[in-house]
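Chemist: Residue numbers (the working numbering): 2 to 358.
Just so it is clear, CB atoms sit at the ideal spot from N, CA and C, and this is done for glycine as well.
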């Protein structure tokens, strides 16, 4: 073999022709139906996750299987029936719509699958489907704008559980968060401006899903920075993975885009469970405080969710509206989630194609 032959560069043309990227979209999950057995099954899988309820296994098992699931399932099933649409759970319906739209814009070099962290379609089933495509890379996109161990972290763990025994592992890239993405922010800003053009609001409420304070403290790698106060006034290298700090940063970005003046908005947290302290302020305690200050109209956002679900449509949209009116408020309006909007699909396209975007 001649030196000239040895010096020839490796021809990557064929390899580039067959490169294919998998995209795994993952949302939290939903019962298969609003029936009590399906809701109970969902609650058991969801709440038995050690990243969701981070107490010893035996304690968690007894709490979920003997207390929460048996007694909460019938009540939750009634609420899910209010949420359910003719085509099923809105969270899953919008998920499939986004999957199809994203597949169309990405084209044949990508294979897009939808999964739910809990229940169906499962992460395992979606990954098995992607595995058959002989992929070069898999990009995992949890549908959580802010990172939390109980949401994004749990998706990471489940993906790795499924793939750990594969003989051949393609490159896997996880999307950690996307709260700063300009199109994510613009999506909510555009929705908010639509309602602001229709009504003059006294106050703006940004309500995020809550977490136990102990989970925030456990995530503080410095061991001393997290104080549940001014430490969340800005996002930097010390609190970049703190869910609470990321929520406050999301609010700041949305407030800037919406042109809301200081003193006219509140960041708060909802959906707490149990007696241990959760991150504050609590939305259901903020609302009476606002009405006491004379707030008569409020525009509410749920920027921890990208699709309408029980926590947005029912909790923020109906239950908090009822509380607001009971406390003397007059007009409470929920801003819907991004759902399957074009700008949300464009945001995902950017996230997939441009990791630094």
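If we count the other Cβ atoms within 10 Å of its Cβ and call it buried at 16 or more, is residue 286 buried or exposed?
Modeler: exposed
Chemist: May I ask you to verify whether the region 72-80 touches the region 114-131, counting CB pairs closer than 8 Å and requiring at least 3?
Modeler: No, the region 72-80 is not in contact with the region 114-131.
Chemist: Spell out the partners DSSP gives residue 213 in its beta bridges.
Modeler: Note: residue 213 is bridge-paired with 279 in the DSSP secondary-structure output.
Chemist: Alpha carbon to alpha carbon, how far is residue 193 from residue 133?
Modeler: 42 Å
Chemist: Specify the secondary structure class of residue 118 as computed by DSSP and reduced to three states.
Modeler: strand
Chemist: Determine which residues share a DSSP beta bridge with residue 301 and list them.
Modeler: 206 and 335
Chemist: For residue 271, report the span of its alpha helix (DSSP H) as first-last.
Modeler: Segment 266-271 is the beta strand (DSSP E) holding residue 271; no alpha helix (DSSP H) there.
Chemist: According to DSSP, simplified to helix, strand and coil, what is residue 344?
Modeler: Here DSSP, grouped into helix, strand and coil, assigns residue 344 to helix.
Chemist: Check the C-beta distance from residue 164 over to residue 115 and give it rounded, since I have them as a contact under 8 Å.
Modeler: The Cβ separation is near 18 Å, so there is no contact.
Chemist: On the premise that residue 207 lies in contact with residue 268, defined as a C-beta separation below 8 Å, what is that separation, rounded to the nearest angstrom?
Modeler: 5 Å
Chemist: Helix, strand or coil for residue 2? Go by DSSP, reduced to three states.
Modeler: Residue confidence is low: residue 2 scores 43 on pLDDT, short of 50, so the model does not pin down where it sits. Its coordinate-derived value is still stated next. If DSSP states are grouped into helix, strand and coil, residue 2 belongs with coil.
Chemist: Report the residue from 78, 141 and 98 whose alpha carbon sits nearest the alpha carbon of residue 26.
Modeler: 141
Chemist: Assuming residue 369 and residue 204 form a contact by the criterion Cβ under 8 Å, report the distance between their Cβ atoms to the nearest whole angstrom.
Modeler: Outside the shown range of the chain (2 to 358) lies residue 369, about which nothing can therefore be said.
Chemist: Evaluate residue 345 with the Cβ neighbour count: other Cβ atoms within 10 Å of its Cβ, from every protein chain shown; 16 or more gives buried, anything less gives exposed.
Modeler: Of the other Cβ atoms in all chains shown, 16 or more fall within 10 Å of the Cβ of residue 345; this residue is therefore buried.
Chemist: DSSP three-state label for residue 111, please.
Modeler: strand
Chemist: Per the DSSP calculation, residue 52 is bridged to which residue(s)?
Modeler: Its beta-bridge partners do not exist; DSSP assigns none.
Chemist: Given residue 242, which residues of its chain have a CB within under 7 Å of its CB, disregarding the five upstream and five downstream residues?
Modeler: 148 and 220
Chemist: Closer than 6 Å by C-beta to residue 236: which residues in its own chain qualify, once you throw out the five before and the five after it? Chain order, please.
Modeler: 246 and 250
Chemist: Have a look at 52, 331 and 301 and flag the residue whose alpha-carbon is nearest the alpha-carbon of residue 155.
Modeler: Answer by Cα proximity: 52.
Chemist: In chain order, what residues of the same chain have a beta carbon less than 8 Å from the beta carbon of residue 131, not counting five sequence neighbours either side?
Modeler: 23, 25, 112, 114 and 139
Chemist: CB residue 95 to CB residue 338, shorter than 9 Å?
Modeler: yes
Chemist: Kindly indicate the opening and closing residues of the beta strand (DSSP E) around residue 307.
Modeler: First-last for residue 307: undefined, no H or E at that position.
Chemist: Can you pull the DSSP bridge partners for residue 28?
Modeler: The partner list for residue 28 (beta bridge, DSSP) reads 117.
Chemist: So if DSSP puts residue 175 in a beta bridge, which residue, or which two residues, is it bridged to?
Modeler: 141.
Chemist: For residue 143, I'd like the list of residues in its chain whose CB is within less than 6 Å of its CB, leaving aside the five on either flank, ordered along the chain.
Modeler: By the criterion of a C-beta distance shorter than 6 Å, residue 143 is surrounded in its chain by 27, 153 and 156, once the five residues flanking it on both sides are discounted.
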